[in-house]
Amino acid sequence: MKIFIDTANIEEIRECAAMGVIDGVTTNPTLVAKTGRKFEEVLGDIVEVVDGPISAEIVSPDADGMVAEARGLAAIHRNIVIKFPLTAEGLKAVRRSSKEGIKSNVTLCFSPAQALLAAKAGATYVSPFVGRLDDVSASGMDLIHQIVQIYENYGFDTQVIVASIRSPMHLVEGALAGAHVATCPYSVIKQLVKHPLTDIGIERFLADWQKVPR
Ligand code: G3P
Numbered sequence: 064m065k066i067f068i069d070t071a072n073i074e075e076i077r078e079c080a081a082m083g084v085i086d087g088v089t090t091n092p093t094l095v096a097k098t099g100r101k102f103e104e105v106l107g108d109i110v111e112v113v114d115g116p117i118s119a120e121i122v123s124p125d126a127d128g129m130v131a132e133a134r135g136l137a138a139i140h141r142n143i144v145i146k147f148p149l150t151a152e153g154l155k156a157v158r159r160s161s162k163e164g165i166k167s168n169v170t171l172c173f174s175p176a177q178a179l180l181a182a183k184a185g186a187t188y189v190s191p192f193v194g195r196l197d198d199v200s201a202s203g204m205d206l207i208h209q210i211v212q213i214y215e216n217y218g219f220d221t222q223v224i225v226a227s228i229r230s231p232m233h234l235v236e237g238a239l240a241g242a243h244v245a246t247c248p249y250s251v252i253k254q255l256v257k258h259p260l261t262d263i264g265i266e267r268f269l270a271d272w273q274k275v276p277r
């Protein structure tokens with residue numbers, strides 16, 4: 064499974080990239096707004112740190128505007144992947160952009176039918192939001208299983224990104240379901256590293272090391 068970091072904060076990206084566990088980055092308008100920085104500057108910094116897919120979201124309401132935005136962002140760096148919303152206009156823009164070789168991440172996916180349409184339109188990635196489904200008493204992980212099954216049934220190349228991750232179990236269950244990617248907030252990546260038995264083990268080894276004659 065590939066792990067992307069879901070943030071626009073360059074310090075968080077640098078720290079996780081230094082551990083060698085980051086294959087790519089996803090951003091969205093909310094995450095970029097949190098930085099207080101210009102979008103193009105943020106993207107310019109990210110592509111210097113991570114050599115993998117970097118998702119950048121467009122905001123136009125119609126396909127023409129989306130395609131124009133996508134062309135501009137894709138021109139920044141070969142690793143930029145354009146995030147299109149899962150709407151009729153978004154799907155039209157995915158189809159047109161994919162013919163120009165622009166990679167896409169179809170976002171705000173909440174149903175298996177939507178995911179099927181994204182794959183048919185030629186999406187490189189689809190992003191089902193598991194946390195936001197869990198928030199409204201639906202099962203985000205059931206959706207991941209359904210999409211993986213449908214894509215396998217018909218041999219679609221579109222990769223499933225487990226998105227809107229809130230806890231380490233979303234990544235683990237997504238991996239067991241066969242999702243291709245998990246995009247995790249910085250806080251979840253830090254949680255993934257930790258295990259109390261590792262900390263206790265280190266403490267004991269250090270204490271015992273003091274007893275070794277030198
Ligand atoms: O990858 C999508 C993600 O950024 C949305 O997360 O926590 O806002 O639902 P959240």
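Using the working numbering, the first residue of the sequence shown is number 64, and each one after it goes up by one.
All C-beta atoms, glycine included, are put in the ideal place defined by N, C-alpha and C.
Can you tell me whether ASN216 is buried or exposed? The criterion is at least 16 other CB atoms within 10 Å of its CB, across all chains shown.
exposed
Would the stretch 89-96 and the stretch 261-271 be scored as touching if the rule is three or more Cβ pairs under 8 Å?
no
Using 10 angstroms around the beta-carbon of ASP69, count the other beta-carbons present and answer buried if the total reaches 16, otherwise exposed.
buried
Is any heavy atom of ligand 1 found at a distance shorter than 7 Å from the C-beta of GLY194?
yes
To the nearest whole angstrom, what separates the beta carbons of ALA138 and ILE145, a pair I think is in contact under 8 Å?
Between ILE145 and ALA138 the Cβ distance is about 11 Å, and since that is not below 8 Å, they are no contact.
CB-CB length for ALA226 against PRO191, believed under 8 Å
6 Å
Please specify which runs of the alpha helix (DSSP H), each continuous and at least 4 residues long, are wholly inside the stretch 138-182, giving them in chain order.
151-162
Unbroken stretches of the alpha helix (DSSP H), 4 residues or longer, contained in the stretch 80-128
92-98, 102-112
For ASP69, is the beta carbon positioned less than 7 Å from some heavy atom of ligand 1?
yes
Three or more C-beta pairs under 8 Å: does that hold for the stretch 195-202 against the stretch 175-187?
no
How would you write the range of the alpha helix (DSSP H) that LYS253 sits in, first residue to last?
249-256
Does any heavy atom of ligand 1 sit closer than 7 Å to the C-beta of ALA126?
no
Do the CB positions of ILE224 and VAL251 come within less than 8 Å of each other?
no
Rounded to whole angstroms, how far is the Cβ of ILE265 from the Cβ of ALA242, which I believe are closer than 8 Å?
That pair is no contact at about 32 Å.
Quick check: is any heavy atom of ligand 1 less than 7 Å from the C-beta of THR246?
yes
Cut-off 7 Å between Cβ atoms - residues of its own chain near PRO175, not counting five sequence neighbours on either side
LEU206, GLN209, ILE210, ILE213
Can you determine whether any heavy atom of ligand 1 sits closer than 7 Å to the C-beta of ASN91, and answer yes or no?
yes
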